[in-house]
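Every position in the sequence shown, counted from 1, becomes a number in the numbering used here once 488 is added. Take a look at the structure below.
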Amino acid sequence: MEIREDVRDVGVYLYLREQVGWRELTREQAQMALNHSAKIFTVYDEEKPIGMGRVVSDMAVVSYIQDLIVIPEYQSLRIGSMLIDHIIDYVESITIPGTRMMLDLMCAKGREGFYKKHGFIARPNDDLGPGMIQYIQK
489 MEIREDVRDV GVYLYLREQV GWRELTREQA QMALNHSAKI FTVYDEEKPI GMGRVVSDMA
549 VVSYIQDLIV IPEYQSLRIG SMLIDHIIDY VESITIPGTR MMLDLMCAKG REGFYKKHGF
609 IARPNDDLGP GMIQYIQK
């Protein structure tokens with residue numbers, strides 16, 4: 489298996505999303521998302537794309553894990569953990585010395601344990617309120 493950086497192939501992205509049953513995006517939407525990502529890690533088995541981790545960031549204060557995808561037949565092989573490790577290393581590399589960067593994510597229900605194993609904390613807790621979301625439809 490090989491991790492390739494910054495593959496911005498809309499066909500690969502849409503294929504991976506489809507394999508895990510995520511909401512459909514238009515090609516335009518998907519390509520724009522890829523183009524504006526701070527970093528993309530795509531995992532290949534030979535030439536077959538099998539996973540992706542995508543980061544969006546302001547490059548100073550906050551970064552988000554926007555997508556962490558591993559296709560079903562490759563899940564439970566530590567590929568997701570490998571992607572998380574690469575993402576954390578990347579965010580550490582862009583953090584300004586003497587500061588701290590917040591690395592956020594919203595995970596699918598039931599996946600909290602996976603992220604906790606990688607040092608993430610759940611919200612709400614004693615210090616932080618719940619995360620919130622709003623969908624804008626046009």
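For glycine and all other residues, C-beta sits at the position ideal for the given N, C-alpha and C.
Neighbour-count burial assignment, residue i, 16 or more Cβ in a 10 Å radius
i    : result
L616 : exposed
D438 : Beyond the ends of the chain as shown, which are 489 and 626, falls residue 438; an answer cannot be given.
Y623 : exposed
L619 : In the sequence on display, residue 619 carries Gly and not Leu. Classification for G619: exposed.
T530 : buried
G509 : exposed
G568 : buried
V550 : exposed
G586 : exposed
Own chain partners of residue i with C-beta closer than 7 Å, once the 5 adjacent residues on each side are dropped
i    : result
A548 : I584
Close Cβ partners of residue i (< 8 Å) along its chain, the five nearest in sequence each way excluded
i    : result
Y503 : P537
Those residues which DSSP pairs with residue i across a bridge
i    : result
G539 : V531 and V558
Cβ neighbours of residue i in the same chain (closer than 6 Å, five flanking residues each side left out)
i    : result
Y552 : V544 and D592
G601 : none
V500 : P537
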